[in-house]
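Numbering (the numbering used here), first residue to last: 18 to 237.
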Ligand code: HEC
């Protein structure tokens, strides 16, 4: 019996040492150009979906997500913050999204997979070790409105999206800034998101200098 315990302890110790050597050796390929093994993808995807399900449990939906006013407010938020990575009907994702690993998914699919509460949780908290930011510095009302918009995405045409963007532009730019997610045909002359600003915002995105504070700010 004592011999078995000793062997188990030696095996555990060997595994810990091997793990330490693996982590510190640098042999693991961290490159975003090298896809995960199928097993790693399976583990990560299951951790993600289980975690979202557990953490979003108990979140109540406080508004009517089919209310046109919610959808319009959510459109503005989405066009400004999300379309750059996820695209929108008639709006391709920006180049930056193509370089991300994992790639930002098509949210028209996502909307059918997660509940409203789960989408809200994802927006509020983001997803670790991916390009999905958290938007916890935005009010819950804005986030619920964005959920309302995301849930409209399945089957949404480019024409309807352009109409919603025009409608949301009349909110007089609650954010006070433009975004790259606007269809070219949209009349947004009373909003700051004009064509040339779209390009300027594109550049901002490359440095991830969006509305949020840059991560590495010099200490004042
Ligand atoms: C900088 C790029 C980027 C931006 C901006 C961004 N996302 Fe994401 N998002 C991602 C990536 C990458 C993933 C994939 C994460 C993963 O695979 O676990 C993701 C995942 C998601 C998911 C979960 C999708 C799924 O099928 O599991 C939702 C929902 C989502 N994003 C919504 C949004 C919304 C709404 C916004 C705007 C408020 C937004 N994202 C802004 C990159 C981004």
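Where a beta carbon is used, it is the ideal one built from N, C-alpha and C, also for glycine.
Given the structure is predicted, the values throughout are model-derived calculations rather than measurements.
For residue 86 and residue 178, believed in contact at Cβ under 8 Å, the rounded distance: Going by Cβ atoms, the distance from residue 178 to residue 86 rounds to 17 Å, so no, they are not a contact pair.
Nearest-angstrom Cβ-Cβ length linking residue 114 and residue 121, presumed shorter than 8 Å: In this structure, residue 114 and residue 121 form a Cβ contact; the two beta carbons are roughly 5 Å apart against a cut-off of 8 Å.
Own chain partners of residue 132 with C-beta closer than 8 Å, once the 5 adjacent residues on each side are dropped: 73
Residue of 34, 59, 25, 97 minimising C-alpha distance to residue 160: Comparing alpha carbon positions, the residue from 34, 59, 25, 97 closest to residue 160 is 97.
DSSP state of residue 134 mapped onto helix, strand, coil: Of the three classes helix, strand and coil, the one that applies to residue 134 here is helix, per DSSP.
Residues near residue 193 in its chain [Cβ-Cβ closer than 6 Å; skip 5 each side]: With a pLDDT of only 49 at residue 193, under 50, the local geometry of the prediction cannot be trusted, and the value read off the model is given with reservation. So the list is empty, once near-sequence residues are dropped.
Alpha carbon of residue 143 to alpha carbon of residue 22, nearest angstrom: Straight through space, the alpha carbons of residue 22 and residue 143 are spaced by roughly 43 Å.
Residue 95 classed as buried or exposed, judged by whether at least 16 other C-beta atoms fall within 10 angstroms: With 16 or more Cβ atoms within 10 Å of its Cβ, residue 95 is classed as buried.
Bounding residues of the alpha helix (DSSP H) (the contiguous stretch that carries residue 178): 175–186
Run of the alpha helix (DSSP H) containing residue 157, from where it starts to where it stops: 157–167
N- and C-terminal bounds of the alpha helix (DSSP H) containing residue 69: 55–73
Inter-residue Cα distance where the pair is residue 182 and residue 138: 24 Å
Backbone CA spacing between residue 152 and residue 166 [nearest angstrom]: 16 Å
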